[in-house]
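A.B. asks:
There are 4 protein chains.
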Amino acid sequence: MAQYRVLIDANDEKGLVHKISNIFYNYDLNILSNNEFVDKESNKFFMRSVVDGVINKDALKSDIESVLPQNSSIKIIEPKKKNIIIMVTKELHALGDILVRNEAGELEANILAVVSNYDNLESFVQKFDIPYITILHEGLERSEHETKIIETINSFENVDYVVLAKYMRILTPRFVEAFEDKIINIHHSFLPAFIGANPYKQAYDRGVKIIGATAHFVNNNLDEGPIIAQEVIHVNHAYGWKDMQRSGKDVEKVVLSRALKLALEDRIFVYANRTVIF
Amino acid sequence: MAQYRVLIDANDEKGLVHKISNIFYNYDLNILSNNEFVDKESNKFFMRSVVDGVINKDALKSDIESVLPQNSSIKIIEPKKKNIIIMVTKELHALGDILVRNEAGELEANILAVVSNYDNLESFVQKFDIPYITILHEGLERSEHETKIIETINSFENVDYVVLAKYMRILTPRFVEAFEDKIINIHHSFLPAFIGANPYKQAYDRGVKIIGATAHFVNNNLDEGPIIAQEVIHVNHAYGWKDMQRSGKDVEKVVLSRALKLALEDRIFVYANRTVIF
Amino acid sequence: MAQYRVLIDANDEKGLVHKISNIFYNYDLNILSNNEFVDKESNKFFMRSVVDGVINKDALKSDIESVLPQNSSIKIIEPKKKNIIIMVTKELHALGDILVRNEAGELEANILAVVSNYDNLESFVQKFDIPYITILHEGLERSEHETKIIETINSFENVDYVVLAKYMRILTPRFVEAFEDKIINIHHSFLPAFIGANPYKQAYDRGVKIIGATAHFVNNNLDEGPIIAQEVIHVNHAYGWKDMQRSGKDVEKVVLSRALKLALEDRIFVYANRTVIF
Amino acid sequence: MAQYRVLIDANDEKGLVHKISNIFYNYDLNILSNNEFVDKESNKFFMRSVVDGVINKDALKSDIESVLPQNSSIKIIEPKKKNIIIMVTKELHALGDILVRNEAGELEANILAVVSNYDNLESFVQKFDIPYITILHEGLERSEHETKIIETINSFENVDYVVLAKYMRILTPRFVEAFEDKIINIHHSFLPAFIGANPYKQAYDRGVKIIGATAHFVNNNLDEGPIIAQEVIHVNHAYGWKDMQRSGKDVEKVVLSRALKLALEDRIFVYANRTVIF
Chain A
55 MAQYRVLIDA
65 NDEKGLVHKI
75 SNIFYNYDLN
85 ILSNNEFVDK
95 ESNKFFMRSV
105 VDGVINKDAL
115 KSDIESVLPQ
125 NSSIKIIEPK
135 KKNIIIMVTK
145 ELHALGDILV
155 RNEAGELEAN
165 ILAVVSNYDN
175 LESFVQKFDI
185 PYITILHEGL
195 ERSEHETKII
205 ETINSFENVD
215 YVVLAKYMRI
225 LTPRFVEAFE
235 DKIINIHHSF
245 LPAFIGANPY
255 KQAYDRGVKI
265 IGATAHFVNN
275 NLDEGPIIAQ
285 EVIHVNHAYG
295 WKDMQRSGKD
305 VEKVVLSRAL
315 KLALEDRIFV
325 YANRTVIF
Chain B
55 MAQYRVLIDA
65 NDEKGLVHKI
75 SNIFYNYDLN
85 ILSNNEFVDK
95 ESNKFFMRSV
105 VDGVINKDAL
115 KSDIESVLPQ
125 NSSIKIIEPK
135 KKNIIIMVTK
145 ELHALGDILV
155 RNEAGELEAN
165 ILAVVSNYDN
175 LESFVQKFDI
185 PYITILHEGL
195 ERSEHETKII
205 ETINSFENVD
215 YVVLAKYMRI
225 LTPRFVEAFE
235 DKIINIHHSF
245 LPAFIGANPY
255 KQAYDRGVKI
265 IGATAHFVNN
275 NLDEGPIIAQ
285 EVIHVNHAYG
295 WKDMQRSGKD
305 VEKVVLSRAL
315 KLALEDRIFV
325 YANRTVIF
Chain C
55 MAQYRVLIDA
65 NDEKGLVHKI
75 SNIFYNYDLN
85 ILSNNEFVDK
95 ESNKFFMRSV
105 VDGVINKDAL
115 KSDIESVLPQ
125 NSSIKIIEPK
135 KKNIIIMVTK
145 ELHALGDILV
155 RNEAGELEAN
165 ILAVVSNYDN
175 LESFVQKFDI
185 PYITILHEGL
195 ERSEHETKII
205 ETINSFENVD
215 YVVLAKYMRI
225 LTPRFVEAFE
235 DKIINIHHSF
245 LPAFIGANPY
255 KQAYDRGVKI
265 IGATAHFVNN
275 NLDEGPIIAQ
285 EVIHVNHAYG
295 WKDMQRSGKD
305 VEKVVLSRAL
315 KLALEDRIFV
325 YANRTVIF
Chain D
55 MAQYRVLIDA
65 NDEKGLVHKI
75 SNIFYNYDLN
85 ILSNNEFVDK
95 ESNKFFMRSV
105 VDGVINKDAL
115 KSDIESVLPQ
125 NSSIKIIEPK
135 KKNIIIMVTK
145 ELHALGDILV
155 RNEAGELEAN
165 ILAVVSNYDN
175 LESFVQKFDI
185 PYITILHEGL
195 ERSEHETKII
205 ETINSFENVD
215 YVVLAKYMRI
225 LTPRFVEAFE
235 DKIINIHHSF
245 LPAFIGANPY
255 KQAYDRGVKI
265 IGATAHFVNN
275 NLDEGPIIAQ
285 EVIHVNHAYG
295 WKDMQRSGKD
305 VEKVVLSRAL
315 KLALEDRIFV
325 YANRTVIF
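Protein chains in written order, with the working numbering: chain A, 55 to 332; chain B, 55 to 332; chain C, 55 to 332; chain D, 55 to 332.
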């Protein structure tokens, strides 16, 4: 007996649940949890089932495939730790939250390395017996620096996610393509408000009463990838932008860790620049 | 073509979703939305499907019944306005919110009458062309007063819910039995904290930093029925108990209206003093 | 003995609190509540005190003036109902919340009239014995229509605030100048995200996980005036934009009523396109 | 020039702000921030000012004393790191959050030691070069065990706070008296709901829709000390009590760290089993 996550992403048509549940029934699977969603606007069907049983994965996959429309995606995943690389610049809070959660067993992650353009977090990361790789950007062209980072990440095998835990340099399309659908970023504003640099300063200047943070997959348009999680806190006139920055850290770390956990547990479907989250 | 809500409450066993979805498929129903939940602790299965099609309700019900364990509950409901009676004492806010929402078409309700032990809200309610029935409690034994209220409510036909929108007198088991599973109350605290009288005073005395409100079905134990919805707001040392009471009104009205809407849309299952809400 | 709100807005300098509290002491005033804020970036001092005593308002004002830097603003206000005009288009929820709160005594307002470019809310408003004035926009140039509205509002005396409770037509600079610093609007997004038309559709298209509403004073740049209050709710992938619109109504009405209440109680200072709120 | 926190706790009488601000003015102090609160019910006055200047602390204190009613409390504190000892049982999350925040410079704390009745967090704590002291309770009477802990804590000098970061054993009045007003606890429920053991199980059994956590000072009545901070999260029918426990960790750590930060920054006044927080 083993546990599997069955992820299905298909064009919708009548009877899908019926046909899939029929297969589960024939395989004598226990359904531990089950989520479906139909997006009527795009006519897309999404399903995530956690099942328990003795199966031949390929056979199950092929049987499900046979009842779905063409071009459907079916994944059958055995839960296990995923490999992640974390990128940071100078700030500790988001990185620290991930490391402590992983230490506490809250995340299904192997943290292969922390990569940074500064060395100031090295001693902290080494406490956790995780390699810390400093790739200074000073004196390098942006493309040279990025090449070094890409090569560093590619020196590890089977990297599932690259987590930008307040990595403060802009990444080029080349980087994004190198790790397509694998990059999770925390942006320190309630997107799409305050895209770009120093969002807390922007928020302060606009006089907002709420600030927030957004975790999202990264695509080629800066801060415009599919949103995974958002959270906010109230502020008032007494908050200067540095106070917002300080208070915002608590939201940033919560949102990034939440998004990462969702990804590690295979709970996120992406389509049309949006996410379905089960 | 008509729309139906299919509500199923059964002991869980393997294959229920498969069997039920099979029937929906055979009836050629469109599934507009679908929610299931299995409570593993009590081995209970709950399902709410909204379907669209041409059916014989009795036949569908009987076909579903044939694949479920014994003693299952199946309801097939055509959406329509439910009949409610609202009981109040002196406060306007929760009542007002329901009347305005109903006026705006947000609630599937016919408000048959408002019953109160005071007459001060009469002119307000009459603006909405809803009968206002004052049943003064002064000079009456509690049981006499309650008898009058029960008789008044029973003078209306097909009452689906009795909504206590800040009705501030204690109801006896006789009243509760008279309208079993039909009474929705708003309690002005985050239950189970501060059961009983003047919860804002209790909250103030305890020095809490958050206050709340709870909407629940009423059973024979005061403030101990199944909870439908809860919400809270932050307070601080500057709030006296009357400030809490004033601020709490906003939470009370939101929570009661939310719970009522859930009930009117047949989204609540009750079991083991808890609710499943789809 | 009477109660007064003393509002001071001045350039900051050392000793202001000392000097002002000295005057209050000499006048033998009870200080019922007291709030100060210094914005260090702009070197501005704000103070709102509620005091109780027997005073000559002009003398008190002049004494305070004598200890403040030049060009300070001092207001001494006796609490009383302010006159407001509400503008709506077709939606009931925000208007209804204000009317019910005012009926319940929660707002210090005389509602002089409701002005709309449609007549569909007329019967609702008339229940509350408030004049409903329909000014159809069909067949009129924008400027003609606006002239009629301005004339209508100006036909009332001493209008303190014009409240846009989901008034869905764009107002020109001429309108804004006619009621400078008096117009409070509710925008159905978490500003500055989704400025302009149909923000729920924009929010849906962006795939956000939180939606919100913003109450603000109106200046000449659309949706860019000083923010008074903001609130948000969580949404998920199952929300189409019409679901967001429906759920958003609850936030809109809460935020607008909160902002209006703050304005009516003289709790808002505006400067540099931001608000200080006591 | 140095910074000082001036904390005043006195019986209220007219003119206190005037008299105190007069002294600040005479000492030529810059007032960086200022908070006052009068609790009218108990006639208590609280004030926290952060000032900047060249002072003789004793002289300033004595001058302030001379204008206050008898039995007032005046503290003039130079901001510096406070000494804390953290007690834990087996759970990492709340402890980890404090250690990482302190590492990131968010807390004004010297963590002298972590004391536990288990050894499983030892290797984690040692990463941070903080002594970890295991005092097993097995085989010991409760009083013996507690004596050992008290002696251990007392072996450190100038302990400002003892932080119970999910220390799961009941402490006797003797322990509480030994560290009066110095013990901060996190209770894993929204107090006063679910006092005592396994509050998540209690919350599950009651069918609540919101769970929470409460940080409070500890006095002799279990879970009844003055509340410093509370926070909640929404749950639904799909949460078993272990899911609540898992989700609750995020609230617990946020609330405890927030309360600790408030204490370290001298922002809390305690009276009448409640807190004033500036």
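Using N, Cα and C, we set each Cβ at its ideal position, and we do this for glycine too.
(1) Going along the chain, which residues of its own chain have a beta-carbon closer than 7 Å to the beta-carbon of Asp-82 of chain D, five neighbours each way excluded?
(2) What are the residues that DSSP puts in a beta bridge with Val-105 of chain D?
(3) Would you identify the three-state DSSP class for Leu-218 of chain A, choosing helix, strand or coil?
(4) By the DSSP assignment, the beta strand (DSSP E) with Val-142 of chain A in it spans what residues?
(5) Between the stretch 158-179 of chain B and chain C, which residues of the former have CB atoms less than 9 Å from a CB of the latter, in chain order?
(6) Could you check whether the stretch 277-284 of chain C touches the stretch 94-113 of chain C, counting it as contact only if at least three pairs of C-beta atoms, one from each stretch, sit closer than 8 Å?
(7) Can you name the start and end residues of the beta strand (DSSP E) that Leu-166 of chain A belongs to?
(8) Looking only at DSSP bridge pairs, what is Arg-260 of chain C linked to?
(9) Where does Tyr-254 of chain A sit, in a helix, a strand or coil, going by DSSP?
(10) Does Arg-59 of chain D come within less than 9 Å of chain A when only Cβ atoms are used?
(11) Could you spell out where the beta strand (DSSP E) holding Ala-283 of chain A opens and where it closes?
(12) For the stretch 144-159 of chain A and the stretch 86-100 of chain A, state whether three or more C-beta atom pairs, one from each stretch, are separated by less than 8 Å.
(13) Under a CB-based cut-off of 9 Å, is Ser-75 of chain A close to chain B?
(14) So that I know if they touch, is there some Cβ in chain C lying closer than 9 Å to that of Arg-155 of chain A?
(15) Output, in chain order, the set of chain C residues within a Cβ distance shorter than 7 Å of His-72 of chain B.
(16) Which residue comes first and which comes last in the alpha helix (DSSP H) that contains Lys-202 of chain A?
(17) In angstroms, rounded to a whole number, what distance separates the CA positions of Gly-69 of chain C and Glu-119 of chain D?
(18) From the beta carbon of Leu-316 of chain B, is the nearest beta carbon of chain D less than 9 Å away?
(19) Kindly indicate the opening and closing residues of the beta strand (DSSP E) around Phe-332 of chain C.
(20) Identify the residues that DSSP records as bridge partners of Phe-271 of chain C: which are they?
(21) Anything in chain C within Cβ reach of Gln-284 of chain A, meaning under 7 Å, just list it in chain order.
(22) Have a look at Val-309 of chain A and Ala-269 of chain A and give me their C-alpha separation to the nearest angstrom.
(23) Does any residue of chain B bring its CB to less than 9 Å from the CB of Leu-122 of chain D?
(24) Give me the chain A residues within the contact set of Gly-107 of chain B, using Cβ-Cβ distance strictly less than 9 Å, ordered along the chain.
(25) Which of the three DSSP states, helix, strand or coil, is assigned to Phe-178 of chain B?
(26) Our contact map puts Lys-135 of chain B next to Asn-174 of chain B with C-beta atoms below 8 Å; I'd like the distance itself, whole angstroms only.
(27) Pick from B:Ser-96, B:Asn-110, B:Tyr-293: whose alpha carbon is nearest that of Tyr-58 of chain B?
(28) State whether the stretch 226-238 of chain A contacts the stretch 251-264 of chain A, with contact taken as three or more CB pairs (one from each stretch) at a distance under 8 Å.
(29) If you measure from the beta carbon of Lys-303 of chain B to each beta carbon in chain C, is any gap under 9 Å?
(30) Enumerate in chain order the residues of its own chain whose CB-to-CB distance from Val-213 of chain D is below 8 Å, with the five nearest sequence positions on each side excluded.
(31) Grab the span of the alpha helix (DSSP H) containing Phe-78 of chain C for me, first residue to last.
(32) Kindly indicate the opening and closing residues of the alpha helix (DSSP H) around Phe-229 of chain D.
(33) Who are the near neighbours of Phe-182 of chain B in its chain, counting only those whose CB is closer than 6 Å to its CB and skipping five residues on each side?
(34) For the beta strand (DSSP E) containing Lys-94 of chain B, name the first residue and the last one.
(35) To which residues does DSSP link Asp-63 of chain D through a beta bridge?
(36) Hey, could you find the ends of the beta strand (DSSP E) Ile-359 of chain C is sitting in?
C.D. replies: The short version:
(1) Gly-107
(2) D:Tyr-58, D:Ile-85
(3) strand
(4) 136-142
(5) Ala-158, Gly-159, Glu-160, Phe-178
(6) no
(7) 163-170
(8) According to DSSP, Arg-260 of chain C bridges with nothing at all.
(9) helix
(10) no
(11) 281-288
(12) no
(13) yes
(14) no
(15) What His-72 of chain B touches in chain C: nothing, since even the nearest Cβ is about 23 Å away.
(16) 196-208
(17) 20 Å
(18) no
(19) Looking at the DSSP string, Phe-332 of chain C is not in any beta strand (DSSP E), and its letter there is neither H nor E.
(20) C:Ile-238
(21) Val-262, Lys-263, Ile-264
(22) 6 Å
(23) no
(24) The premise fails here: Gly-107 of chain B is roughly 11 Å from chain A at the closest Cβ pair, so nothing lies under 9 Å.
(25) helix
(26) Actually they do not touch by this definition, with Cβ atoms about 28 Å apart.
(27) B:Asn-110
(28) no
(29) yes
(30) Asn-137, Ile-138, Ile-139, Leu-166, Ile-207, Phe-233, Lys-236
(31) 70-80
(32) 227-232
(33) Leu-153
(34) First-last for Lys-94 of chain B: undefined, no H or E at that position.
(35) D:Phe-100, D:Ser-127
(36) Absent from the structure is residue 359 of chain C, since the part of chain C shown begins at 55 and ends at 332.
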